[in-house]
Amino acid sequence: MNGVHDMGGMHGMGPVVHEKDEPVFHAEWEGRIYALTRAVRAGAGRWNIDAGRFEIERLPPAEYLRMSYYERWAARLAIQVVQMGLVTQAEIDSGAPAPGSAKATPQLRAAMVPAMVERRVSTRREIRVRATFKSGQRVRARNIHPSGHTRLPRYARGKHGTVAADRGVFVFPDTNAEFLGEKPQHLYSVRFTARELWGERASPRDSVYLDLWDDYLERV
Amino acid sequence: MDNAKKGPVGRRGFLKDAAVTAAAFVAEPSTAHGHTHHDHDHQHQAVPSDVALRVKALESLLVEKGLVDRAALDAVVDSYETKIGPRNGARVVARAWVDPAYKKRLLADPTAAIAELGYTGGQGEDMVVLENSPKIHNLVVCTLCSCYPWPVLGLPPVWYKSAPYRSRAVIDPRGVLREFGLDLPEEVEVRVWDSTAEVRYLVLPERPAGTDRLSEEALAALVTRDSMIGVTKVSAPQSGGRA
Chain B
1 MNGVHDMGGM HGMGPVVHEK DEPVFHAEWE GRIYALTRAV RAGAGRWNID
51 AGRFEIERLP PAEYLRMSYY ERWAARLAIQ VVQMGLVTQA EIDSGAPAPG
101 SAKATPQLRA AMVPAMVERR VSTRREIRVR ATFKSGQRVR ARNIHPSGHT
151 RLPRYARGKH GTVAADRGVF VFPDTNAEFL GEKPQHLYSV RFTARELWGE
201 RASPRDSVYL DLWDDYLERV
Chain Z
1001 MDNAKKGPVG RRGFLKDAAV TAAAFVAEPS TAHGHTHHDH DHQHQAVPSD
1051 VALRVKALES LLVEKGLVDR AALDAVVDSY ETKIGPRNGA RVVARAWVDP
1101 AYKKRLLADP TAAIAELGYT GGQGEDMVVL ENSPKIHNLV VCTLCSCYPW
1151 PVLGLPPVWY KSAPYRSRAV IDPRGVLREF GLDLPEEVEV RVWDSTAEVR
1201 YLVLPERPAG TDRLSEEALA ALVTRDSMIG VTKVSAPQSG GRA
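For the record, the sequence lines run as chains B and Z. Take the first sequence: its position 84, counting from 1, is numbered 84 in this note's numbering, and each next residue is one higher. For this note's numbering, add 1000 to where a residue sits in the second sequence, where the first one is 1.
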C-alpha cells in the first residue's frame, strides 16, 4: 500500500538524532510490549511476519507518524490478539477476562526462551522454482501500486536496475501478509544507480541495492 | 473463543476496526492537545504515560487468560538487554580481521560463519556481509520498517527506526554520513542496502591502521554498532594501540 511507512526519499523528516549510549529499551513498557509480542507469536496462532508488518502499515497515517516505534507495537498487539481469537475486544476494553472464559496454558515458558531467540525461522524455501532473471541482467521494477502489503518501495517503481545476485527462493510477502499463500519465488539483489533513482544531481558513483522478488520485476 | 473476527474479514471493515482500535489504544496525547483548557489536568496526569498503563493492562489480561507467562517475558527482555547485542557482531568482525580463512567463509556463507561463533536466531536467518574498503562504503537501512540483524547487533537503535534516517539514507546517504561525522571523498563509491526482504545485512568495517599488535579481544572492543550499520568507520584507539 502507498502508506506513510514507505519513507524512502521523503523530505521534511528532520535530522537524524543519534543518542549516545542508548539503552535497548527506554522504558519498562517498551521491553514488555516487545516480549509480549514475541510470546504471543510463539504460541500457535494465525500469524506471520508479513501480516505483522501489514498491521503496522494500516495504522492511521497521522497516528503512525506520531507514535514511537514501540507504541506502534502496542497498538498492533492489541489488534492482533483480538484478530487471532485469543481475547475479545470487550476483554481489551475492560482489562479483565470475560466471566467463565477458558484459561489457556502459556506456550512460551522461561526455560524455552534461550532456544526461542536462537531459533532460525527462515522464509527461504528449499524448492525448485524457475528463476525469471539472472545475475547481470537489466530489469525494471514494475510500476505497480498494490493496495495491500508489498515490499516494493515507491521510490524504485518504474526504475531500471541490474540484477546483482539471485538470493534464492523466498516466501512472497504480498500474498503471505493476507494469508493467501506463500507463493515462493526467486528473490534478487537489484542495483539501481543513484542517478536513475534521484536524477542528475545524485553522485554518479553511488547506488542503492534492493531485495526484490520475481513478481516485482519485468524484462527491459 | 467467542471471537467474531475469525476467517476472512472485509478490507474496508477491517481497516475501520484497525483504525478505531489503534486510535483507542494510544489516543493520547494527540487528542488531548485538541481539547480545551479543562483537559489541562488530564494532560499533566499522563505520567506514567498512558501507553505504559495500557501495556501493563494488556500484559495482565494476557497473563490472567493463561496466554503468556511473566517469567518468560522477563527472560525475553533479559536476552535482548544482556545477551543479544552489538558485542556479538563486534566479535564476528574482529575474528574476520585476524583470521583470513574465517573472513573468506564469512563473505562466502555469512549465516554459517556467524553461527560458528554461536550467533543464530530471529532476524538473522539469511545473512549477507558487506565488506567496506577504501573504495567502497556500504550503508544499511530499512526504508519500509525496521529490519535489522538481531543476532549480531541486537535490537535497533531509535535513530535507525526513525523517519529521518529511513527517508534520507537512500536519497542523501552522504549527507546522513556527514551528520554521523563521516565525510567521504567523492571518489569513494557509496552503496546503500535497503532491507526490503528477509535478508539481513552486516557491514564488515575496515580495520583501522595501527592496530596490528592488538589482540582479537582488543579489536572487538573497538568495533562499534554504528560501524556495522555503515554510518561510521572504526577508529584506532587514541593512545595508538595497546599491545
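Yeah, the Cβ is synthetic: ideal placement off N, Cα and C, and Gly gets one too. Keep in mind it's a predicted model, so treat the numbers as computed, not measured.
For the pair the stretch 1049-1056 of chain Z and the stretch 16-33 of chain B, tell me if three or more CB-CB distances fall below 8 Å. The stretch 1049-1056 of chain Z is in contact with the stretch 16-33 of chain B.
Between residue 1166(Z) and residue 8(B), is the Cβ-Cβ spacing less than 8 Å? Taking 8 Å as the Cβ cut-off, residue 1166(Z) and residue 8(B) qualify as a contacting pair.
For a test of the three-state rule: what should DSSP assign to residue 96(B), helix, strand or coil? In the displayed model, residue 96(B) falls within coil according to three-state DSSP, outside both helix and strand.
In three-state DSSP terms, what is residue 1014(Z)? The predicted position of residue 1014(Z) is uncertain, since its pLDDT is 38 and thus under 50; a value taken from the coordinates is nonetheless stated next. If DSSP states are grouped into helix, strand and coil, residue 1014(Z) belongs with the helices.
In DSSP terms, what residue 33(B) is bridged to: DSSP lists no partner for residue 33(B).
Starting from residue 1075(Z), follow the alpha helix (DSSP H) in both directions and report where the run begins and ends. Residue 1075(Z) -> alpha helix (DSSP H) spans 1070-1078.
Proximal residues of chain B, C-beta to C-beta of residue 1073(Z) below 7 Å: The answer, in chain order, is 32, 35, 36, 39.
Neighbouring residues, chain Z, relative to residue 127(B) (Cβ below 7 Å): Annotation: residue 127(B) has no Cβ neighbours in chain Z at a cutoff of 7 Å; minimum Cβ distance is about 15 Å.
If you run the structure through DSSP and keep just helix, strand and coil, what is residue 1165(Z)? Here DSSP, grouped into helix, strand and coil, assigns residue 1165(Z) to helix.
In chain B, which residues lie less than 8 Å from residue 1125(Z) when you measure between Cβ atoms? Residues of chain B whose Cβ lies closer than 8 Å to the Cβ of residue 1125(Z) are, in chain order, 120, 121, 122, 123, 124.
How big is the Cα-Cα spacing for residue 1163(Z) and residue 101(B)? In this structure, the CA atom of residue 1163(Z) is about 42 Å from the CA atom of residue 101(B).
Whole-angstrom distance between residue 117(B) and residue 1197(Z), CA atom to CA atom: Rounded to the nearest whole angstrom, the C-alpha separation of residue 1197(Z) and residue 117(B) is 20 Å.
Would you list, in chain order, the members of the stretch 1191-1203 of chain Z that have their beta-carbon closer than 8 Å to a beta-carbon of chain B? Those would be 1191, 1192, 1193, 1194, 1195, 1196, 1197, 1198, 1199, in chain order.
Please list, in chain order, all residues of the same chain as residue 1127(Z) whose beta carbon is under 8 Å from its beta carbon, the five residues on each side excluded. So the list reads 1110, 1111, 1114, 1149, 1152, 1199, 1200, 1201, 1202, once near-sequence residues are dropped.
Residue ranges of each beta strand (DSSP E) within the stretch 125-199 of chain B, 3 or longer: The stretch 125-199 of chain B contains these whole beta strand (DSSP E) runs: 138-141, 160-170, 185-193.
Residue from 1090(Z), 1181(Z), 1074(Z) with nearest C-alpha to residue 110(B): Selected option, being the one with the closest Cα: 1074(Z).
Short of 9 Å Cβ to Cβ, which residues in the stretch 1055-1068 of chain Z face chain B? Only 1055, 1056, 1057, 1058, 1059, 1060, 1061, 1062, 1063, 1064, 1065, 1066, 1067, 1068 from the stretch 1055-1068 of chain Z bring a Cβ to less than 9 Å from some Cβ of chain B.
Spatial distance of residue 1137(Z) from residue 1189(Z) (CA atoms): Rounded to whole angstroms, the gap between the alpha carbons of residue 1137(Z) and residue 1189(Z) is 6 Å.
Check each candidate in 1208(Z), 1156(Z), 1223(Z) and name the one with the smallest Cα separation from residue 69(B). 1156(Z) is the residue among 1208(Z), 1156(Z), 1223(Z) whose C-alpha sits nearest the C-alpha of residue 69(B).
Using the Cβ count rule (16 or more neighbours within 10 Å means buried), how would you classify residue 1135(Z)? Exposed is the label assigned to residue 1135(Z), since fewer than 16 other Cβ atoms lie within 10 Å of its Cβ.
Going by CA-CA distance only, name the one from 1208(Z), 1212(Z), 1213(Z) that's closest to residue 1223(Z). The residue with the shortest Cα to Cα distance from residue 1223(Z) is 1208(Z).
How many Å lie between residue 1039(Z) and residue 159(B) at the Cα? Annotation note: pLDDT 41 at residue 1039(Z) (below 50); position unreliable, coordinate value reported separately. Approximately 50 Å between the Cα atoms of the pair.
Who does residue 1126(Z) pair with in a DSSP beta bridge? Residue 1126(Z) is bridged by DSSP to 1199(Z).
Buried versus exposed call for residue 61(B) [16 or more other C-beta atoms within 10 Å across all chains shown]: With fewer than 16 Cβ atoms within 10 Å of its Cβ, residue 61(B) is classed as exposed.
Hey, is the stretch 192-199 of chain B in contact with the stretch 174-181 of chain B, meaning 3+ C-beta pairs nearer than 8 Å? As far as the Cβ criterion goes, the stretch 192-199 of chain B does not touch the stretch 174-181 of chain B, which means the pair count is below three.
Cβ pair residue 122(B), residue 1187(Z) closer than 8 Å: With respect to the 8 Å criterion, residue 122(B) and residue 1187(Z) are not classified as neighbours on the basis of their beta carbons.
So, for residue 64(B): in the same chain, excluding its five sequence neighbours on each side, which residues have a beta-carbon less than 6 Å away from its beta-carbon? The residues 4, in chain order, have a CB closer than 6 Å to that of residue 64(B) in the same chain once the five nearest residues on each side in sequence are set aside.
8 Å Cβ cutoff met for residue 188(B) and residue 1191(Z): The answer is no: Cβ separation not under 8 Å.
Name, going along the chain, the residues of the stretch 1096-1126 of chain Z whose beta-carbon falls closer than 7 Å to a beta-carbon of chain B. Residues of the stretch 1096-1126 of chain Z with a Cβ closer than 7 Å to any Cβ of chain B, in chain order: 1120, 1121, 1122, 1125, 1126.
Hey, residue 203(B) and residue 1178(Z) are a contact pair by Cβ (cut 8 Å); roughly how many whole angstroms apart? Not confirmed; about 13 Å, so no contact.
Enumerate, from N- to C-terminal direction, the unbroken alpha helix (DSSP H) stretches of 4 or more residues contained entirely within the stretch 1131-1180 of chain Z. The stretch 1131-1180 of chain Z contains these whole alpha helix (DSSP H) runs: 1150-1153, 1158-1161, 1163-1171, 1173-1179.
Considering only their Cβ atoms, is the gap separating residue 1145(Z) from residue 56(B) smaller than 8 Å? Result yes, Cβ atoms of residue 56(B) and residue 1145(Z) sit closer than 8 Å.
Quick one: residues in its chain with C-beta nearer than 7 Å to the C-beta of residue 1080(Z), no 5 flanking neighbours on either side, listed in chain order? The beta carbon of residue 1080(Z) lies closer than 7 Å to those of 1154, 1155 in the same chain, with the five residues before and after it left out.
Where DSSP assigns a beta bridge to residue 1192(Z), which residues make up the other side? Looking at the DSSP assignment, residue 1192(Z) forms a beta bridge with 208(B), 1139(Z).
With H, G and I counted as helix, E and B as strand and the rest as coil, what does DSSP make of residue 73(B)? Helix, per DSSP.
Would residue 1229(Z) count as contacting chain B if we go by Cβ distances under 8 Å? No - not a single Cβ of chain B is within 8 Å of the one on residue 1229(Z).
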